[in-house]
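J.:
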Amino acid sequence: MNYTSKTSKISTSIISSNNSTRDSLKRFGDKRISDLLVESRNINVHKQRVREFIIEKLVFIGGLTAIVFIALIFIFLFKEGVRAFFLIKPMEFIGTHILDFDDNRVFACMWQPVGEPGKFSIVPLLIGSFLVALPATVISTILGVGCGIYLAEIASIRMREIIKPAIELLAGIPTVVIGFLCLTLLATFIQNVFHTTFRLNAFVGAIGVSLVIIPVVASITDDALRAVPSELREASYGLGATKWETIWKVVVPAGISGITASIILGMGRALGETMIVIMATGNAALVTGNIFSSVRTMTATIAAELGAVPHGSSQYYALFLIGSVLFLITFVLNLIAEIIINRMRKKLKL
Amino acid sequence: MFKVNLKKTWNNFTIKVDFEIPLGKVTALFGHSGAGKSSILRIISGLEIADEGMISDGKELWYDSTKQIHLPVQRRSIGFVFQDPSLFPHLTVEKNILYGVKGKRSLNEIKDLISLAGLSGYERFYPAQLSGGQKQRVTLIRALVRRPDLLLLDEPFSALDWEARRQLQEDLKRIIKQLNVTTLYVTHDITEVYKLADKVVVLESGKVLRHGTPEDIFMGKRLSTRIQIVGKVVGIESDSIMAAVTIMHEDQYFKALVDAEEIERLNLVVGDDVVIGAKSSDVIIFKVLTQF
Amino acid sequence: MTIKKRNIFNAFFQGLCHGMAFLVIAVLIAILVKIVMSGAGVINLQFLIKEPTEGMTKGGIFPAIFGTICITMMMIILAIPVGVSTAIYITEYAGKGLLGRIIRASINNLAGVPSIVFGLFGVGFFILFVGRGIDKIAGFELLFGQPAMIWAASTLALLVLPVIIVSTEEAMNSVPVSLREAAFGLGATRWQVIRNVVLPQARSGILTGAILGISRGVGETAPILFTGCAYFLPRLPVFTIPYVNIPIINPLDQFMGLSYHIFIMATQSTNTAETRPIQYGTTLVLIALTFLLNLSAIVFRIYFRKRSR
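Protein chains in written order, with the working numbering: chain A, 59 to 408; chain B, 5 to 296; chain C, -9 to 299.
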């Protein structure tokens, strides 16, 4: 549709249907559209055109903010992050040689920026982030998809009206509150059950993070499954399948792209989660594969150290570099999820 | 013999029907849009439940409101093909067809069915790669591979173009005859009734108006005429003596000149389904002179 | 597989899904119950009105409540104009073209940025670039270039922007095309149509989006960690205009906030065990605030839907 914004003549050719005519007589408050517009047409037409032009430009500028700020985030993160490479040798971001307790020269990956000399390996932080994010993604995939299937296929209408808002309520709980409860209650519980060495560890953090991601996965899975046309289900029943067989062999495969996208989005959120991990994972930058060990994630590192770091020091730039890496990872994950969702939308139009 | 006796009420609309479906034959459920045909089909399939009544396949009760019996869809020996294609998009043609049957025993059997439906060579294709007509063929075979006692069809070809539709109607007739499947075919197109049905049940506002063979429906006249065109009246122009009736048969138009009295006698209006016949003594053939 | 076996599987797996849903709800209820039980004992009028005393072990959390409300108000004042104009631009002007798609992609990516990255950006851009830039140009020593409410509010506004944009866009799209066509047919300019026809109908969606944005902003901690929130401040972030004695909020001041308060008190304060009840109490206040906001968003949505019928 091509609207000319400069015309003020009545052009009856644009009124195309009975609906339009009816709507034009619709009332807004005490006035009809026609009255409103007759009023405004009485103002000086030139002044109106200038005003229209200014407003359009303002809206345009406002509209660009999203692009501008994403670009700015890119720029400022990478600007400061790249400076880190001038002060720290790139190899050091993987590890350095140190002398261990027996005075042997070993290659270690340590994050100890205030050490003498400072060690800036990003490896323990990456490991920490993934040691929390991967289990969290697994847990929330199982529970989230299960909840999504329940909401879309199994729950009665009344149950759905209760449970769906309840799950959204879970999503609304501030992450600092969940982190707080992990710190005080969950950690003790896990320690009693699993007899962990470290009270605060990656596993506690993973459970806390999954509480935040489950609503995301459940909600998108629910949408994806409800979008599957009912003819497919009916056909499956007609061919003798039970309800679960229909769900598992027809509905879920038909909606698999939405489900996959939700899992990827969930993982992105898990990697970006800050408050829960900083309160629940113990904040020890260790290189380990043990899920019951304390770890330190990239997010927690930034959150813990940015406040105390001297501006302009190597550590300062290193933190921005970590932020850039984090931003890049979540950016790529979100992009993949979006591509999958777009492809799903196109396929549904077939 | 299937026995169907149903009553169901929605907001202002009630259907109350009582009819039989003879085994091994094609029964057409005919009526105009909104007469309730599709709902009846869905109730017979088990996807919806009537308020009261009884459905029986002659041996077993599928539904009986007085005895609180309602056999779920999965347990009825039915196959259905509805208007919208319902092929599973993530499965190949082969896998779609085999969905309802387990085990390899039917692999050869389906080969025969697949070629009967004209789908040989398309086994590995996905639904998105098929034409509308091919999709409905696959849906049909998928339903038939389970050897259902009752095949339910709800205007399965109305979404297709006329070429495909004619072809599929022929193929359907051939397949049903070969497999001897009891079929209930819902349609609002009188031509389809004429082509496919052994028995017609005419539905009007939710009630059975009349039932019988297609000939019984056509005003009981024995059609011993040479030319018969079945279709819907789309235009009537008449003066006091003659009338020109335009009828639409599938996608073609025919015009017939009849006495004006006939229009009045039959109470003919636009929208009526008619058969126009001409006796051999009245038929005149001209050759159009386009060549010399 | 026999039919019996298949039916058992059917019942089993459906029950499993039932169980998972109820497990999640049970966790939610457990969380709420625990917070209410452990925090209610601390809540009284004094708690909500007074300042913390004796090293945070006694007194109230009023400054944190005040700070959270202030920062959220500033955030929404910044976010709504930008968000609504973005939504107007993409629904009315840009549409399906390349620019529209880039903007939409940017919004989706903005929505996926981790909150701590917003915090980093707040420090690197707002405080160090914009703030220090203003200082340099205006010749101040160090006035704008340090953590302050205005920068924290800006950072939060950025985080909340996608929420506002999406709600507004949805609301504007629900205005039927025939209404717009009617207005154009009567000679309206594009902006007149937007202002007099579309926006009034979309008011409910904008309001809902604003409330949802506020409820998110209230709970976020990471963006305000370094951009202006503090654990203990001797006075509220207001200054009184001399002569007329009217107190107004000072956007260049630092502030206390509920979420930050919980975080520091639970992890870094000197006597975390002793102040545990206060931690639960503060958590309860924060949760109550969040839920009240979410509830009013739902109520407004229903109210406006009924009115437009």
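For every residue, glycine included, the Cβ atom is placed at its ideal position computed from N, Cα and C.
1) Pull up the distance between the alpha-carbon of V234(A) and that of Q269(C), whole angstroms please.
2) What's the gap between the Cα of H8(C) and the Cα of I21(C)?
3) Establish whether the CB of S69(A) and some CB of chain C are separated by less than 8 Å.
4) Are the region 129 to 148 of chain A and the region 103 to 117 of chain C in contact at 8 Å, needing three or more beta carbon pairs?
5) Where D280(A) and V196(A) are concerned, what is the direct C-alpha to C-alpha distance, given to the nearest angstrom?
6) Helix, strand or coil for N184(B) per DSSP?
7) Measuring only the C-alpha atoms, how far is S82(A) from S168(C)?
8) Between the Cα of T31(B) and those of L155(B), Q171(B) and S162(B), spot the shortest distance and give me the residue it belongs to.
9) Starting from W66(B) and walking both ways along the beta strand (DSSP E), at which residues does that stretch end?
10) Please list the partners that P311(A) has in chain B, where partner means a Cβ-to-Cβ separation under 9 Å.
11) May I ask you to list the residues that DSSP assigns as paired with E241(B)?
12) Write down the C-beta distance between C240(A) and G202(A) rounded to the nearest angstrom, noting that I regard them as a contact closer than 8 Å.
13) For I221(B) and I194(B), what's the separation of their Cα atoms in angstroms?
14) Using only CA atoms, which one of L329(A), I152(A) and Y295(A) lies nearest to E52(B)?
15) Helix, strand or coil, according to DSSP, for H235(B) in the structure here?
16) Kindly indicate which residue of K199(B), Q173(B), L270(B) and V234(B) has the alpha-carbon position closest to the one of I280(B).
17) Taking the alpha helix (DSSP H) that H8(C) falls in, what are its first and last residues?
18) In the DSSP assignment, the beta strand (DSSP E) including A282(B) goes from what residue to what residue?
19) Would you say L290(A) reaches chain B, if we count a Cβ-Cβ gap shorter than 8 Å as a contact?
20) For the structure I just gave you, are there three or more beta carbon pairs, one from the region 337 to 344 of chain A and one from the region 207 to 216 of chain A, closer than 8 Å?
21) With K11(B) and G57(B) assumed to form a contact (beta carbons below 8 Å), what rounded beta-carbon distance in angstroms separates them?
22) Taking Cβ to Cβ, would you say V142(B) is nearer than 8 Å to F23(B)?
23) Check the Cβ of A293(A) against every Cβ in chain B and list those closer than 7 Å, keeping chain order.
24) Should I125(A) and I70(C) be called a contact, given that it needs their Cβ atoms to be closer than 8 Å?
25) Within 8 Å (strictly less), CB to CB, does V77(B) reach chain A?
26) What does F84(B) reach in chain A if we use C-beta pairs closer than 7 Å?
27) Classify M59(A) as buried or exposed, calling it buried when 16 or more other Cβ atoms lie within 10 Å of its own Cβ.
28) Considering H155(A), what are the terminal residues of the beta strand (DSSP E) in which it resides?
29) Could you list which residues in chain F have their beta carbon closer than 7 Å to that of K301(A), in chain order?
30) Quick check on DSSP: helix, strand or coil for D61(B)?
31) For K20(B), which three-state DSSP category applies?
32) Tell me where the alpha helix (DSSP H) around I221(A) begins and ends.
33) Nearest to G247(C) by alpha carbon, out of F(-1)(C), E44(C), Q36(C) and I61(C)?
34) Would DSSP call V85(B) helix, strand or coil?
35) By a C-beta neighbour count over all protein chains shown, 10 Å radius and 16 as the cutoff for buried, is I154(C) buried or exposed?
36) Can you give me the Cβ contacts of M255(C) inside the same chain, cut-off strictly under 6 Å, excluding the 5 residues immediately before and after it?
T.: Reading it off the structure:
1) Residue 234(A) sits at position 176 when you count from the first residue of the first sequence. Residue 269(C) sits at position 279 when you count from the first residue of the third sequence. So the alpha carbons of these two residues sit roughly 11 Å apart.
2) Taking the third sequence and counting its residues from 1, the one referred to as residue 8(C) is at position 18. Taking the third sequence and counting its residues from 1, the one referred to as residue 21(C) is at position 31. The alpha-carbon atoms of H8(C) and I21(C) are separated by roughly 20 Å.
3) In the first sequence, the residue the question calls residue 69(A) occupies position 11. Any reading at S69(A) must be qualified, since the residue scores a pLDDT of 30, below 50, and its modelled position is unreliable; the value itself is stated next. Closer than 8 Å: yes.
4) Short answer: they touch.
5) Position 222 of the first sequence, counted from the first residue, corresponds to residue 280(A). Position 138 of the first sequence, counted from the first residue, corresponds to residue 196(A). Spanning the alpha carbons of D280(A) and V196(A) requires a straight line of approximately 18 Å.
6) One-based indexing of the second sequence puts residue 184(B) at position 180. N184(B) falls in the coil class under three-state DSSP.
7) In the first sequence, the residue the question calls residue 82(A) occupies position 24. In the third sequence, the residue the question calls residue 168(C) occupies position 178. For S82(A), the predicted model reports a pLDDT of 46, less than 50, meaning its position is unreliable and no value from the coordinates is stated.
8) One-based indexing of the second sequence puts residue 31(B) at position 27. Of the candidates L155(B), Q171(B) and S162(B), L155(B) places its Cα closest to the Cα of T31(B).
9) Within the second sequence, the letter at position 62 stands for residue 66(B). Boundaries of the beta strand (DSSP E) around W66(B): L65 to D68.
10) Here residue 311(A) corresponds to residue number 253 of the first sequence, with the count starting at 1. Going along chain B in sequence order, the residues near P311(A) (Cβ under 9 Å) are F92, P93, H94 and L95.
11) Position 237 of the second sequence holds residue 241(B). Note: E241(B) is bridge-paired with A248(B) in the DSSP secondary-structure output.
12) Residue 240(A) sits at position 182 when you count from the first residue of the first sequence. Residue 202(A) sits at position 144 when you count from the first residue of the first sequence. No, C240(A) and G202(A) are not in contact; Cβ-Cβ is about 19 Å, not under 8 Å.
13) If you number the second sequence from 1, residue 221(B) lands on position 217. If you number the second sequence from 1, residue 194(B) lands on position 190. Looking at the two C-alpha atoms, the distance is approximately 10 Å.
14) On the second sequence, position 48 is the one that residue 52(B) refers to. Of the listed residues, the one whose Cα sits closest to E52(B) is Y295(A).
15) On the second sequence, position 231 is the one that residue 235(B) refers to. What sits at residue 235(B) in the sequence shown is Gly, not His. It is a strand residue.
16) For the purposes of this step, residue 280(B) is identified with residue 276 of the second sequence, where counting begins at 1. For I280(B), the nearest C-alpha among the options comes from V234(B).
17) One-based indexing of the third sequence puts residue 8(C) at position 18. Per DSSP, H8(C) belongs to the alpha helix (DSSP H) from I(-7) to A30.
18) The count along the second sequence starts at 1 and reaches residue 282(B) at position 278. Run containing A282(B): D277 to A282, per the beta strand (DSSP E) assignment.
19) Here residue 290(A) refers to the residue found at position 232 of the first sequence. Look at L290(A): its C-beta is under 8 Å from a C-beta on chain B.
20) Flag = no, the region 337 to 344 of chain A and the region 207 to 216 of chain A do not touch.
21) Within the second sequence, residue 11(B) is the residue found at index 7, counting from 1. Within the second sequence, residue 57(B) is the residue found at index 53, counting from 1. The beta carbons of K11(B) and G57(B) sit about 5 Å from each other, so the pair counts as a contact at 8 Å.
22) Taking the second sequence and counting its residues from 1, one reaches residue 142(B) at position 138. Taking the second sequence and counting its residues from 1, one reaches residue 23(B) at position 19. Going by C-beta atoms, V142(B) is not nearer than 8 Å to F23(B).
23) Taking the first residue of the first sequence as position 1, residue 293(A) is located at position 235. Think of a sphere of 7 Å around the beta carbon of A293(A): the chain B residues whose beta carbon falls inside it are S90, in chain order.
24) In the first sequence, the residue the question calls residue 125(A) occupies position 67. In the third sequence, the residue the question calls residue 70(C) occupies position 80. No. Outside cutoff.
25) One-based indexing of the second sequence puts residue 77(B) at position 73. Closer than 8 Å to some Cβ of chain A, the Cβ of V77(B) qualifies, so yes.
26) Working through the second sequence from its first residue, we reach residue 84(B) at position 80. Ordered by position in chain A, the residues that pass the 7 Å Cβ test against F84(B) are G296.
27) Counted from its first residue, the first sequence places residue 59(A) at position 1. With a pLDDT of 28 at M59(A), under the threshold of 50, the modelled position of that residue is not reliable, and no figure is offered here.
28) As a first step, residue 155(A) is located in the first sequence; it is residue number 97 there, counting from the start. Unbroken beta strand (DSSP E) run through H155(A): T154 to L157.
29) Included in the structure are the protein chains A, B and C, with no chain F among them.
30) Translated into positions along the second sequence, residue 61(B) becomes position 57. Shown here, D61(B) sits in coil according to DSSP, grouped into three states, outside any helix or strand.
31) The residue you call residue 20(B) lines up with position 16 of the second sequence. In the structure shown, K20(B) sits in a strand (DSSP, three-state: E or B).
32) Sequence index remark: in the first sequence, residue 221(A) carries index 163 (1-based). I221(A) -> alpha helix (DSSP H) spans I215 to G230.
33) As a working mapping, residue 247(C) is identified with position 257 in the third sequence. Relative to G247(C), the option among F(-1)(C), E44(C), Q36(C) and I61(C) whose CA is nearest is I61(C).
34) Taking the second sequence and counting its residues from 1, the one referred to as residue 85(B) is at position 81. Strand at V85(B).
35) Position 164 of the third sequence, counted from the first residue, corresponds to residue 154(C). It is buried - the Cβ of I154(C) has at least 16 other Cβ atoms within 10 Å.
36) The sequence position of residue 255(C) within the third sequence is 265, counting from 1. Setting aside the 5 residues that flank it on each side, M255(C) is surrounded in the same chain by T265 and Q269, each with a C-beta closer than 6 Å to its C-beta; the list follows chain order.
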